[in-house]
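Undergrad: Before anything else, here's the structure in question.
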Amino acid sequence: MSSRIGTYTAVDGGGEEELEQIRRYEDFTTIDWIQDSAIERNRRIRKARQLHAAHRGPRGEVTLRWVWANLRKVLDAAQSWIVVSIVGACIGVNAAIISIVTEWLSDIKMGYCSDGWWLNQQFCCWEIEYDDEDACDSWHSWSSVGPAQWTIFVIFAGVFAFVAAHLVKTLAKYAAGSGISEIKCILAGFVMKGYLGFGTFIIKSLTLPLVIASGLSVGKEGPSVHMACCIGSVVAGLFTRFAQSHGKMREILTAASAAGVAVAFGSPIGGVLFSIEEMTSNFSIKTMWRSFFCALVATVTLSAMNPYRSGKLVLFQGLYGAFMVKFNLQFAAFRRKHLADYPIIEAVTLATLTAMIGWFNRFLRIDMTEGMAILFRECDGGGDYDHLCQTSVQWPMAYSLFIATILRIGMVVVSYGSKVPAGIFVPSMAIGATFGRMVGIIVKAMERSSHQSGIFAVCKPDVPCITPGTYAFLGAAAALSGVMRITVTVVVIMFELTGALTYILPTMIVLLVTKAVGDFLGTNGIADEAIRFNGYPFLDKDDHAYNVPISRVMRADLHTLPVSGITVRGIEETLANTDVKGFPIVSTDSRNRLMGYIGRTELRYVLNKAKKVQDMSLDTPCSFASESEDHDEVEFSGIATGPGVGMDEDISLELIETTASPDVFKLWPWVNQTPLTVSPQLPLEIVMQLFKRIG
963 MSSRIGTYTA
973 VDGGGEEELE
983 QIRRYEDFTT
993 IDWIQDSAIE
1003 RNRRIRKARQ
1013 LHAAHRGPRG
1023 EVTLRWVWAN
1033 LRKVLDAAQS
1043 WIVVSIVGAC
1053 IGVNAAIISI
1063 VTEWLSDIKM
1073 GYCSDGWWLN
1083 QQFCCWEIEY
1093 DDEDACDSWH
1103 SWSSVGPAQW
1113 TIFVIFAGVF
1123 AFVAAHLVKT
1133 LAKYAAGSGI
1143 SEIKCILAGF
1153 VMKGYLGFGT
1163 FIIKSLTLPL
1173 VIASGLSVGK
1183 EGPSVHMACC
1193 IGSVVAGLFT
1203 RFAQSHGKMR
1213 EILTAASAAG
1223 VAVAFGSPIG
1233 GVLFSIEEMT
1243 SNFSIKTMWR
1253 SFFCALVATV
1263 TLSAMNPYRS
1273 GKLVLFQGLY
1283 GAFMVKFNLQ
1293 FAAFRRKHLA
1303 DYPIIEAVTL
1313 ATLTAMIGWF
1323 NRFLRIDMTE
1333 GMAILFRECD
1343 GGGDYDHLCQ
1353 TSVQWPMAYS
1363 LFIATILRIG
1373 MVVVSYGSKV
1383 PAGIFVPSMA
1393 IGATFGRMVG
1403 IIVKAMERSS
1413 HQSGIFAVCK
1423 PDVPCITPGT
1433 YAFLGAAAAL
1443 SGVMRITVTV
1453 VVIMFELTGA
1463 LTYILPTMIV
1473 LLVTKAVGDF
1483 LGTNGIADEA
1493 IRFNGYPFLD
1503 KDDHAYNVPI
1513 SRVMRADLHT
1523 LPVSGITVRG
1533 IEETLANTDV
1543 KGFPIVSTDS
1553 RNRLMGYIGR
1563 TELRYVLNKA
1573 KKVQDMSLDT
1583 PCSFASESED
1593 HDEVEFSGIA
1603 TGPGVGMDED
1613 ISLELIETTA
1623 SPDVFKLWPW
1633 VNQTPLTVSP
1643 QLPLEIVMQL
1653 FKRIG
């Protein structure tokens, strides 16, 4: 049974373009992990035979060949760790550069530094206390007139969004969006050529700071994972071991996704848990260690390059999550129907409207990360931003936070999914933080006015009982968990960011309630819903009960090939008249017994190669049968004969010269002689479990 789907594009045999090298998997198809595993197994067998060949001298003395062979063995064993180290370092460097550029672009909308145009406000006023920035003489606003400031702010936002959307549309369409949904499918075996390419990486790295600085209600955490996987794919692709094995490449991409989250939050363990909980259902112990090492290298590199001396986001509601997922998907459907041809206009319009509206609210005007850092502060520690802690203005402040929460929700609903790099982690946390701080202020006001009430009986008179910053902290965690439907990862990320065990228990309680609400409402995370909305092939982790046999969903008009009695012409006609991804090989008697399975791509490749290396005609007989003497003929190639034989391009030409002749073309080396088969009465959910176990 094969898990591959898709279509075939025929290659003209007239000579315009020679098929010299096969692309084993075409675009928008799924990987056959059994075949890929067999290919990797055969490659290891051949390499082991080469490394264990006798390289010592006639009297057993050490020779240069022996030293070189053992050195190659050591390098081969360490190759995975070398690649992971390079990938982690590159991810850290890229994250640091993006952070620097984003900070500068965000501040340039408000003004400039007279000491150096390249300095952002924080560096320009490095020696000035945060709450006393008005005392900084080096930082100048573009204008002292309010309407002029507003106009310049809006113009910058629109220009940033225009440049980002234009670059994405014209140079790399795959750079749009978050990327987490697509990467989940890629890790599961879906092929999207170019999605993790170098061009996508460059454009996403260039446009992400512009999008964040434009003020759009999107984050950089999802795009950070996408860019990290691009780095992993590009770097690993330089090494033959990973370029030729999808399974090995998946290990690197999984580690890279962990590093992407790690640099976004400064949380290496949280990044590993995110990969386990959200990205892949096949997570081996070996992959876990490599993911942790990659995340650690990336985080250390980012910390070493971080110019702001802060490797952490001071870290930072089931109903919010369900609401966000539902309405964002509805707007995505509207976008697909009415706005698909106008991605640049849409992005510029959203950024301009966000800037025009957000300017008038103190919590929407500033960067979301900076806003969360302010909302998480406690009043006792000098964290009074714009009278946030003043009792005399607590109700206007609560109203401002409420308006910011409502407007931000609407902005995220319409902005996430636009054709620019866009994540949803930080916007969700920002919504939770403003809502949580608002609740904290209200509860604190109630405690002041009714401190004798039974609900506040446990409060000690001389110790602060209600801390609004903690409410903001928990609100941010709950909002992130609600929209992504992850729990353990959020708890660990928060602990890594704060180092405070005090918050672990309340965070766990809040997230458990959030998860219960989400489960009750029957919603999935926004990444899973986006996969379903886009129609990508993906088997989720949930168990299903369909109560139907597998025969009910299988196709009845099965296209097969006889084990013998067919010519090259017959195979060519079958390939031309069908679009299936493979063919069962059946016996020639009336019973049609299953003898094996051959993939469409392998069959087409072998036929094209055979025509070039052997004098074959369209009437040459073909045979898929395997005989004992055939195995002896190709034993020298180092093929592990048996179940699920995998062929790669390294030895295909050699085998074709052996098995192809004008008299008969023997195709058995490319046939999986023991395909996975199930009874027609087997329940569908069990078959789904088999596919999940395969990968």
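When we follow my numbering, the leftmost residue of the sequence shown carries the number 963, and every step to the right adds one. Here a beta-carbon is modelled for each residue, glycine too, at the ideal position from N, C-alpha and C.
(1) Exposed or buried, what is T1563 when buried is set at 16 or more other beta-carbons lying within 10 Å of its beta-carbon?
(2) For the stretch 992-1077, list the alpha helix (DSSP H) runs that are entirely contained and at least 4 residues long, ordered along the chain.
(3) From I1048, G1054, H1300, F1124, pick the residue whose C-alpha is nearest to that of T1169; which is it?
(4) Taking V1173 as the reference, which of A1266, E1308, N1244 has the closest Cα?
(5) When the distance is taken between beta carbons, is E1458 closer than 8 Å to I1247?
(6) With respect to the alpha helix (DSSP H) encompassing L1545, which residues constitute its N-terminal and C-terminal limits?
(7) In this structure, does DSSP put P1511 in helix, strand or coil?
(8) Could you check if M1334 is buried or exposed, using at least 16 other CB atoms within 10 Å of its CB as the buried criterion?
(9) Count the other CB atoms, across all protein chains shown, that sit within 10 Å of the CB of I1547; report buried if there are 16 or more and exposed otherwise.
(10) Out of curiosity, what's the CA-to-CA distance linking M1650 and I1512?
(11) Look at the Cβ atom of A1489, then the Cβ atom of E1240, and state whether they are nearer than 8 Å.
(12) Could you pull the DSSP bridge partners for P1524 from this structure?
(13) Using 8 Å as the threshold, is the stretch 1399-1409 in touch with the stretch 1138-1158, meaning 3 or more CB pairs across them?
(14) Could you tell me the boundaries of the alpha helix (DSSP H) in which L1556 lies?
(15) Return yes when the Cβ of A1190 is within less than 8 Å of the Cβ of K1166, no when it is not.
(16) Return the Cβ separation of G1181 and I1386 in integer angstroms, given the expectation that the two are a contact with Cβ distance under 8 Å.
(17) Excluding the 5 residues flanking D1069 on each side, which residues of the same chain have their C-beta closer than 6 Å to its C-beta?
(18) Rounded to a whole number of angstroms, what is the C-alpha to C-alpha distance between V1223 and V1452?
(19) For E1065, which of V1055, E1332, W1043 has the nearest alpha-carbon?
(20) Using only the alpha-carbon positions, how far apart do I1044 and I1214 sit?
(21) If I follow the unbroken alpha helix (DSSP H) through C1086, where does it start and stop?
(22) Counting only the same chain and skipping the five closest in sequence on each side, list residues whose C-beta sits under 6 Å from that of Q1643.
(23) Under the rule that 16 or more other beta-carbon atoms within 10 Å means buried, what is T1202, buried or exposed?
(24) Mind checking who H1102 pairs with in its DSSP beta bridge?
(25) So, are the CB atoms of S1176 and A1119 less than 8 Å apart?
(26) DSSP three-state label for K1288, please.
(27) Taking only three categories from DSSP, how would you classify G1177?
(28) On a CA-only basis, which of V1626, N1570, D1519 is nearest I1528? Give me that one, please.
(29) Is Q1292 buried or exposed, if buried means 16 or more other CB atoms sit within 10 Å of its CB?
(30) Quick one: grab the DSSP three-state call for P1624.
(31) Indicate the three-state DSSP secondary structure (helix, strand or coil) for R1271 in the structure shown.
(32) Which stretch, first to last residue, makes up the beta strand (DSSP E) that contains S1585?
(33) Please classify N1486: does DSSP put it in a helix, a strand, or coil?
(34) What is the DSSP secondary structure of P1645, counted as helix, strand or coil?
(35) Where does G1139 sit, in a helix, a strand or coil, going by DSSP?
(36) DSSP state of T1536, grouped into three classes?
TA: Let me lay it out:
(1) As a position in the sequence shown, residue 1563 is number 601, starting the count at 1. Buried: at least 16 other Cβ atoms inside 10 Å.
(2) 995-1013, 1026-1070
(3) Sequence index remark: in the sequence shown, residue 1169 carries index 207 (1-based). Each of I1048, G1054, H1300, F1124 was checked against the Cα of T1169, and the nearest Cα belongs to F1124.
(4) Position 211 of the sequence shown, counted from the first residue, corresponds to residue 1173. E1308 is the residue among A1266, E1308, N1244 whose C-alpha sits nearest the C-alpha of V1173.
(5) Taking the sequence shown and counting its residues from 1, the one referred to as residue 1247 is at position 285. Taking the sequence shown and counting its residues from 1, the one referred to as residue 1458 is at position 496. For I1247 and E1458, no; Cβs fall outside 8 Å.
(6) The count along the sequence shown starts at 1 and reaches residue 1545 at position 583. The sequence shown places Phe at residue 1545, not Leu. Looking at the DSSP string, F1545 is not in any alpha helix (DSSP H); the run it does join, the beta strand (DSSP E), is 1544-1548.
(7) Within the sequence shown, residue 1511 is the residue found at index 549, counting from 1. If DSSP states are grouped into helix, strand and coil, P1511 belongs with the strands.
(8) Within the sequence shown, numbered from 1, the residue matching residue 1334 stands at position 372. Burial call: buried.
(9) Walking along the sequence shown from the start, residue 1547 turns up at place 585. With 16 or more other Cβ atoms within 10 Å, it is buried.
(10) In the sequence shown, counting from the first residue as 1, residue 1650 sits at position 688. In the sequence shown, counting from the first residue as 1, residue 1512 sits at position 550. Taking the straight line from one Cα to the other gives about 10 Å.
(11) Sequence index remark: in the sequence shown, residue 1489 carries index 527 (1-based). Sequence index remark: in the sequence shown, residue 1240 carries index 278 (1-based). Yes. Within cutoff.
(12) The residue labelled residue 1524 in the question sits at position 562 within the sequence shown. Answer by DSSP bridge pairing, in chain order: V1548.
(13) Contact between the stretch 1399-1409 and the stretch 1138-1158 is absent, because fewer than three Cβ pairs lie under 8 Å.
(14) By 1-based counting over the sequence shown, the position of residue 1556 is 594. First-last for L1556: 1556-1561, but that is the beta strand (DSSP E), not the alpha helix (DSSP H).
(15) Locating residue 1166 in the sequence shown gives position 204, where the first residue counts as 1. Locating residue 1190 in the sequence shown gives position 228, where the first residue counts as 1. Not closer than 8 Å, so no.
(16) For the purposes of this step, residue 1181 is identified with residue 219 of the sequence shown, where counting begins at 1. For the purposes of this step, residue 1386 is identified with residue 424 of the sequence shown, where counting begins at 1. Yes, they are in contact, since the Cβ atoms of G1181 and I1386 sit about 6 Å apart, within 8 Å.
(17) The residue labelled residue 1069 in the question sits at position 107 within the sequence shown. These residues qualify, in order along the chain: N1082, Q1083.
(18) Numbered from its first residue, the sequence shown carries residue 1223 at position 261. Numbered from its first residue, the sequence shown carries residue 1452 at position 490. Rounded to whole angstroms, V1223 to V1452 spans 11 Å at the Cα level.
(19) Translated into positions along the sequence shown, residue 1065 becomes position 103. For the residues V1055, E1332, W1043, the minimum Cα distance to E1065 belongs to E1332.
(20) To locate residue 1044, count along the sequence shown from 1; it is residue 82. To locate residue 1214, count along the sequence shown from 1; it is residue 252. Approximately 11 Å between the Cα atoms of the pair.
(21) Numbered from its first residue, the sequence shown carries residue 1086 at position 124. That run of the alpha helix (DSSP H) goes 1083-1086.
(22) As a working mapping, residue 1643 is identified with position 681 in the sequence shown. Hits under 6 Å: P1511.
(23) To locate residue 1202, count along the sequence shown from 1; it is residue 240. Exposed, because fewer than 16 other Cβ atoms sit within 10 Å of the Cβ of T1202.
(24) As a first step, residue 1102 must be located in the sequence shown, where it is residue number 140. According to DSSP, H1102 bridges with Y1074.
(25) Reading the sequence shown from its first residue, position 214 is the one you call residue 1176. Reading the sequence shown from its first residue, position 157 is the one you call residue 1119. Taking 8 Å as the Cβ cut-off, S1176 and A1119 qualify as a contacting pair.
(26) Looking up residue 1288 in the sequence shown gives position 326. The answer is helix: DSSP assigns K1288 an H, G or I state.
(27) Residue numbering aside, residue 1177 sits at position 215 when the sequence shown is read from its first letter. Here G1177 sits in coil by DSSP.
(28) Along the sequence shown, read from residue 1 onward, the residue named residue 1528 stands at position 566. Ranking the options by Cα distance to I1528, first place goes to V1626.
(29) Here the question's residue 1292 lines up with position 330 in the sequence shown. So Q1292 ends up on the exposed side.
(30) By 1-based counting over the sequence shown, the position of residue 1624 is 662. Of the three classes helix, strand and coil, the one that applies to P1624 here is coil, per DSSP.
(31) Residue numbering aside, residue 1271 sits at position 309 when the sequence shown is read from its first letter. At R1271 the pLDDT is 42, less than 50, meaning the model places this residue with poor confidence; the figure from the coordinates comes in the next sentence. Three-state DSSP puts R1271 in coil, outside helix and strand.
(32) Taking the first residue of the sequence shown as 1, we reach residue 1585 at position 623. 1583-1585 is the span of the beta strand (DSSP E), which, as asked, contains S1585.
(33) Counting from 1 along the sequence shown, the entry for residue 1486 is found at position 524. Correct three-state label for N1486: coil.
(34) Within the sequence shown, the letter at position 683 stands for residue 1645. Three-state result, P1645: strand.
(35) Here residue 1139 refers to the residue found at position 177 when the sequence shown is read from its first residue. The answer is strand: DSSP assigns G1139 an E or B state.
(36) Sequence index remark: in the sequence shown, residue 1536 carries index 574 (1-based). Three-state result, T1536: helix.
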